[in-house]
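Input: a single structure, listed below in structure tokens.
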Ligand SMILES: [Zn+2]
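Numbering (the numbering used here), first residue to last: 143 to 705.
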């Protein structure tokens, strides 16, 4: 590290002596939080091309100014490294922006009304999807049924997702097209919810969703491109400069490549297709983080279990409010040897493994499998990941650290699930839920994100959630299990350097450091000094990716014409 600084400053001095090149962009008068331990604070940043060339005082950086340098006067506002969301469903997120919005619905009449409105503006026969409903927001918190929505959706098949993606609501037309009847058996890892007579209610959980999704026509290229463009624009508006797209389709990667070629990809992407496709990736020969600064591949995403909300997360002990149920292993894990074989294939090919695991037993089994992989292949820096790592068994924190598994977590889920998690799993297990502090104490790498469209993409909500742990229902103003709160600096670090590490890019991004990519975000308030409850209201003033301003609400910069 020291050597690098010496070389850089020697380089800078040589360049100064020979009249150094002028910066393309200078941000001056900023309150720069660099995220770089060597120089934590600064006032100004100079950029040439895609990269930061100098970080320092206003006076130091002024020497980089030339006649064509674009100058941004930050007026004392806080400049942060661009946020890197370690877990998104980017295309679903973009689609969701244009779909019926059900997440804030607090009664079923309103649910039905909004679905009916959507049906009126949807062409006959076209599927109505997404929605992100959440039955815990109405009372009694019963799952919605096909009988509720059939009258308002006579001409459209409906397949509306629960906000966590682990349950969908189908109407009768969708069930008919999918051929799901009272006689259809539950698939492994899934549940067709049934009424007292054994008839499907319309709710399909986890693997049972696949029975219906398989008859939904795939996205057209135009639909996919529109969704991605909406997602790029939204990411820019909330200061997200990199995303790690979990469960990406090959068509998504191809669409990103097309946008990249056309100069329209303004968010950096690391795409992780499903682990069931691992043979393809292994054949092509791409290794972890293969690609360029805007588009990388070389990771796969598998599923160990479901979600707490759908009672499909896999626990050692039953749910406190459902004594005969301790969750479901995902179809990827049935049998376990299937997952082990795929992991072995991935690891032998140098592909990074990301596994969704929420319940304590699911996490434990994945740590066992990761141990098997290390034993079989030795050596190599693999940076295994567990996505969510939501409910930990006490004994597994140390193993997590020993195996150097990255905990890729979504703090917003903590203030959302925290509303009802204790009723489902009891106090003791809840105390190890989203255990940010315990992970850090064990030396585990944290990477933060949102799981968008499961939670909002706005990183300020994530930082707010990690710092306050104040549940959305207002019932825990001092924090739900407050001992697990993080400082603002720790939360931002997990969301920048932590996420960069999770995609092998900590030398390229994650801090405002000379030599790194110029991805930065200027925000309306100093999140390190304001009342933490106000962090959620902080707005993005400018988003800069690769030295280009891609978001500026005062100039209404569209994503495709960055300045
Ligand atoms: Zn996800």
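We put the CB at the ideal spot given by N, CA and C, even for glycine.
Since this is a predicted model, take the numbers as computed values, not measurements.
### Query
Taking C-alpha atoms, which residue in 523, 506, 545 lies nearest to residue 531?
506
### Task
Consult DSSP for residue 721 and reduce its assignment to one of helix, strand or coil.
This structure leaves residue 721 out entirely; the chain is present only between 143 and 705.
### Message
Rounded to the nearest angstrom, what separates residue 213 and residue 656 at their Cα positions?
### Response
18 angstroms
### Integer Cβ distance of residue 457 from residue 469, believed to fall under 8 angstroms
5 angstroms
### Message
I'd like to know whether the C-beta atoms of residue 605 and residue 576 end up nearer to each other than 8 angstroms.
### Response
no
#### Entry: residue 709, enclosing beta strand (DSSP E) - first and last residue
As shown, the chain starts at 143 and ends at 705. That puts residue 709 outside it, with no answer to give.
### Message
Tell me the rounded alpha-carbon separation between residue 534 and residue 450.
### Response
13 angstroms
### Query
For the putative contact between residue 384 and residue 651, defined by C-beta atoms under 8 angstroms, what is the C-beta separation to the nearest angstrom?
6 angstroms
### Task
In angstroms with no decimal places, state the Cα-to-Cα distance between residue 706 and residue 585.
Outside the displayed range of the chain (143 to 705) lies residue 706, so it cannot be described from this structure.
### Task
Look at the alpha carbon of residue 500 and the alpha carbon of residue 526, and state the distance between them as a whole number of angstroms.
Distance between the alpha carbons of residue 500 and residue 526: 16 angstroms.
### Message
Rounded to the nearest angstrom, what separates residue 583 and residue 625 at their Cα positions?
### Response
12 angstroms
### Query
Touch check for the segment 592-607 and the segment 640-654: three-plus C-beta pairs under 8 angstroms?
no
### Query
Does the beta-carbon distance from residue 555 to residue 388 come in below 8 angstroms?
No, the pair does not count as a contact, with Cβ atoms beyond the cut-off.
### Message
Can you look up residue 447 in the DSSP assignment and give me helix, strand or coil?
### Response
strand
### Query
Should residue 152 be labelled buried (16 or more other beta-carbon atoms within 10 Å of its own) or exposed?
Low confidence applies here, because residue 152 scores a pLDDT of 48, under 50, leaving its location unreliable and the question unanswered by this model.
### Query
If you follow the beta strand (DSSP E) that residue 228 is part of, which residue opens it and which one closes it?
225-230
### Task
Taking all protein chains shown into account, decide if residue 201 is buried (16 or more other Cβ within 10 angstroms of its Cβ) or exposed.
exposed
### Beta-carbon spacing of residue 551, residue 578 below 8 angstroms
Yes.
### Message
Let me check understanding here. Comparing Cα to Cα, which of 516, 666, 199, 352 lies closest to residue 490?
### Response
516
### Query
How is residue 701 classed by DSSP in three states: helix, strand or coil?
Residue placement at residue 701 is flagged as unreliable, the pLDDT there being 48, under the threshold of 50; the coordinate-derived value follows with that caveat. Residue 701 falls in the helix class under three-state DSSP.
### Query
Taking the runs of the beta strand (DSSP E) that are 3 residues or longer, which of them lie wholly in the segment 431-513?
Here the runs fully enclosed are 432-434, 437-439, 441-445, 494-499.
### Task
Just grab the DSSP bridge partners of residue 559 for me.
Partner(s): none; residue 559 has no beta bridge.
### Task
Below 8 angstroms on the Cβ atoms is my guess for residue 342 versus residue 322; work out the distance and round it to an integer in Å.
6 angstroms
### Query
In whole angstroms, what separates the C-alpha of residue 689 from that of residue 168?
9 angstroms
### Query
How long is the line joining the alpha carbons of residue 429 and residue 415, rounded to whole angstroms?
13 angstroms
### Task
Please work out which residues of its chain come closer than 7 angstroms, Cβ to Cβ, to residue 482, disregarding the five sequence neighbours upstream and downstream, and give them in chain order.
511, 514
### Message
Relative to the C-alpha of residue 248, which candidate in 261, 224, 286, 216 has its C-alpha closest?
### Response
286
### Query
Hey, would you say the C-beta of residue 635 is under 7 angstroms away from at least one heavy atom of ligand 1?
no
### Task
Enumerate in chain order the residues of its own chain whose CB-to-CB distance from residue 228 is below 7 angstroms, with the five nearest sequence positions on each side excluded.
386, 550, 589, 590, 591, 641, 644
### Query
Could you give the distance in angstroms between the alpha-carbon of residue 473 and the alpha-carbon of residue 347?
Residue 473 and residue 347 have their alpha carbons spaced roughly 12 angstroms apart.
### Message
Considering only their Cβ atoms, is the gap separating residue 572 from residue 623 smaller than 8 angstroms?
### Response
yes
### Query
Within the 8 angstroms Cβ cut-off, does residue 626 reach chain D?
Note that chain D does not occur in the displayed structure, where there is just one protein chain.
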